[in-house]
Amino acid sequence: MDCKQAESLYIDYYDKSLPEEQCRALEAHLKTCSACQESWAAYQRMIEEVSGLHPLTPPEEFVQSVKQKIRRRSKGRFFRDSGPHSVRFAIVSFVLIILFILAYLVLIATSEIRLIQTSPDSASDLEDEGASGKSPPPVPRGEQETEAP
Amino acid sequence: MKRLRGKRSDSQLVRKLKARDPRAFETLVRRFEGPVMNLLYRMIGVRAEAEDLAQEVFVSVFKKIDTFRQDSSLSTWVFRIASNHCKNRLKYLGRRGAGQSVEMDEDRLVNPGGAMGAPGFDAISRPDELVEGFQMERLIQQAIFELDADHRLILILRDIQNLTYDEITGITGLPLGTVKSRLHRARMALKEKMAAYLR
């Protein structure tokens, strides 16, 4: 086996898939050829270096960027914005408005009830004033007309 | 690369993808964004270009999912789309005269830990070694980039992505013999280019 032939077997030898006979022949060559020993060592080291390259980390927002691109190109057919125009936002807004109105109505109702509850004193005062004759009782319209000349 | 195959989970995911399930698409992107971006970055050598192209790959995956008949694994299919996009982009960049040299991810020097699992600056006792390592990566990346694009693709798929020969033949559509001879030539050429650093 010459150096060129030995070199052509590196790929399968590295994968441990070289047939036994060729494997023995290559190993015998490597034992006697210092140039091929060096070359084989460099071959292995090179693969290790390449395999050990640090992987690139995709940016956090990568998925969102892809979705945005699809949304733009499909004119909003896919991956609709989950922002203020979404259905969910509309439903939440509607419920909040209803709750606000209900709260307002309850507030008004309770304040009216409070007024009614506090009014009996003033109402009895008015009744007292009418009974003592400080102010004349209202005259019915029909009676006023008959007294006129 | 994390090998997440499992035919059953793949076919479930594909079914959901065909139904345009947004969550399934997100799962797909999360699963393949790293391997796809790394393939493109090693092929093109410029991070921004690789990111942009990776987005295009996933847009294509989304558009073409109905044509995927599952006669190969999902990862093979995604990689096939990525390598086709890559070839087209390289042709385009070649016409523009761009892409003659690589650009390293400079952030790595500023933030050597990041998501790569390497130690932070506090844990580094020899910053000179860090710079040395960074320069070594740069040299390897440049040497890979100088390979013929067809050979480069096979080398990246095999030695960086750790794919099997079956997967590589599925992605490239090349016979096994061609894949192996290209890989052999790529490795020998790279060994020559890196000779000074491999001693």
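Residue numbers (my numbering), protein chains in the order written: chain A, 1039 to 1187; chain B, -11 to 187.
Ideal Cβ positions, reconstructed from N, Cα and C, are used throughout, including at glycine.
Since we're looking at a predicted model, the values are computed, not measured.
Proximal residues, the region 1083 to 1094 of chain A versus chain B, C-beta separation under 7 Å: 1083, 1084, 1085, 1087, 1088, 1089, 1091, 1092, 1093, 1094
Between the CA atoms of residue 1077 of chain A and residue 1050 of chain A - distance to the nearest angstrom: 15 Å
Straight-line gap, residue 1088 of chain A to residue 1128 of chain A (C-alpha atoms, nearest Å): 54 Å
Spatially closest choice to residue 12 of chain B from B/21, B/2, B/156, by CA coordinates: B/2
DSSP-derived helix/strand/coil call for residue 54 of chain B: helix
CB contact check: residue 1141 of chain A to chain B, cutoff 8 Å: no
Close Cβ partners of residue 78 of chain B (< 8 Å) along its chain, the five nearest in sequence each way excluded: 31, 32, 87, 137
Residue environment, residue 94 of chain B, which counts as buried when at least 16 other CB atoms sit within 10 Å: With a pLDDT of 49 at residue 94 of chain B, under the threshold of 50, the modelled position of that residue is not reliable, and the figure given next carries that caveat. Exposed, by the Cβ-count rule.
Exposed unless 16 or more other CB atoms sit within 10 angstroms - verdict on residue 163 of chain B: exposed
Alpha-carbon to alpha-carbon, residue 25 of chain B and residue 45 of chain B: 10 Å
Chain A contacts made by the region 126 to 158 of chain B, where a contact means CB separation under 8 Å: 128, 129, 132, 143, 147, 148, 150
Secondary structure of residue 25 of chain B, DSSP reduced to three states: helix
For residue 9 of chain B, the three-state DSSP class (helix, strand or coil): coil
Chain A contact for residue 36 of chain B (CB, 8 Å cutoff): no
Chain A residues whose Cβ lies nearer than 9 Å to that of residue 81 of chain B: Here the premise fails: no neighbours, minimum Cβ distance about 18 Å.
Reduced DSSP category for residue 139 of chain B - H, G, I as helix; E, B as strand; rest coil: helix
Residue 1270 of chain A vs residue 1063 of chain A beta-carbon contact at 8 Å: Here chain A comprises residues numbered 1039 to 1187, so residue 1270 of chain A is not present and cannot be evaluated.
Residues of the region 1051 to 1064 of chain A with Cβ closer than 8 Å to any Cβ of chain B, in chain order: none
Start-to-end residues for the alpha helix (DSSP H) that takes in residue 184 of chain B: Taken as a continuous stretch (DSSP letters only), residue 184 of chain B belongs to no alpha helix (DSSP H), as it is neither H nor E.
Residue 1092 of chain A in three-state terms, based on DSSP: coil
Proximity of residue 128 of chain B and residue 1091 of chain A at Cβ, strictly below 8 Å: yes
Residue 1098 of chain A: first and last residue of the uninterrupted alpha helix (DSSP H) it sits in: Neither: residue 1098 of chain A is in no alpha helix (DSSP H) and is coded neither H nor E.
Cβ contact check for the region 60 to 79 of chain B and the region 168 to 183 of chain B: 3 or more pairs under 8 Å: no
Selection from B/160, B/169, B/7 that minimises the alpha carbon distance to residue 53 of chain B: B/7
Euclidean distance between Cα positions of residue 1104 of chain A and residue 85 of chain B: 28 Å
C-alpha gap between residue 184 of chain B and residue 124 of chain B, whole angstroms: 11 Å
Candidates B/80, B/76, B/47, B/83, of which the one nearest residue 66 of chain B by Cα: B/47
Exposed unless 16 or more other CB atoms sit within 10 angstroms - verdict on residue 1132 of chain A: exposed
Backbone CA spacing between residue 14 of chain B and residue 5 of chain B [nearest angstrom]: 10 Å
Cβ of residue 163 of chain B within 8 Å of any chain C Cβ: Among the protein chains of the structure shown, namely A and B, there is no chain C.
Buried versus exposed, by CB contacts within 10 Å (16 or more), residue 23 of chain B: buried
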